[in-house]
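First the structure, in the form of structure tokens, and then the observations on it.
Numbering (my numbering), first residue to last: 1002 to 1134.
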């Protein structure tokens, strides 16, 4: 029981530390953060769950709302083992403005981030009413 509490506290602390040191960028600028921890804020242009893959992957493609280009996007990946923690992200996050925090790697010519815990995802609220239109 004690070791489980220590593991949970350690994970929470590491996620807090992860986000505390993260630079915030858009998906357009994320290439400059490959190899570093970053907070990437953008629009979820696509969210796909692929249950037939071996790892039961969920892919979230984040783009900059001002420049929605697939060539300048971040792919956030949720593995099947962690999927239950997120509910149904392909339904809940599609079309949403979110920020994801984590280590940015480079996979198949694109920047990518692995999401393992829902605390890595936060919703962006528009700063003013004009952005709601």
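We put the beta carbon where it would ideally sit given N, CA and C, even for glycine.
Here the structure is a predicted model, which means the values were calculated and not measured.
Between which two residues does the beta strand (DSSP E) harbouring residue i extend?
| i | result |
| --- | --- |
| residue 1023 | Careful: residue 1023 lies outside any beta strand (DSSP E) and carries neither H nor E. |
| residue 1062 | 1058-1064 |
Using beta carbons (cut-off 8 Å, strictly below), is residue i in contact with chain B?
| i | result |
| --- | --- |
| residue 1103 | In the structure shown, chain B cannot be found, because there is only a single protein chain. |
Give the DSSP bridge partners of residue i, in chain order.
| i | result |
| --- | --- |
| residue 1043 | 1099 |
| residue 1105 | 1114 |
| residue 1122 | 1101 |
| residue 1048 | 1061 |
| residue 1068 | 1065 |
| residue 1038 | 1104 |
For the putative contact between residue i and residue j, defined by C-beta atoms under 8 Å, what is the C-beta separation to the nearest angstrom?
| i | j | result |
| --- | --- | --- |
| residue 1116 | residue 1077 | 5 Å |
| residue 1035 | residue 1106 | 7 Å |
| residue 1051 | residue 1058 | 5 Å |
Extract the residue ranges of the alpha helix (DSSP H) inside the stretch 1077-1102, only unbroken runs of 4 or more that lie entirely within it.
Within the stretch 1077-1102, the complete alpha helix (DSSP H) runs of at least 4 residues fall at 1081-1087 and 1090-1093.
Is the stretch 1030-1048 in contact with the stretch 1061-1073, if contact means three or more CB pairs nearer than 8 Å?
Between the stretch 1030-1048 and the stretch 1061-1073, the count of Cβ pairs shorter than 8 Å is three or higher; the stretches touch.
Whether or not the stretch 1084-1102 and the stretch 1027-1034 are in contact is what I'm after, with contact meaning three or more pairs of Cβ atoms, one per stretch, closer than 8 Å; do they touch?
The count of Cβ pairs closer than 8 Å, one atom from the stretch 1027-1034 and one from the stretch 1084-1102, stays below three, leaving the stretches out of contact.
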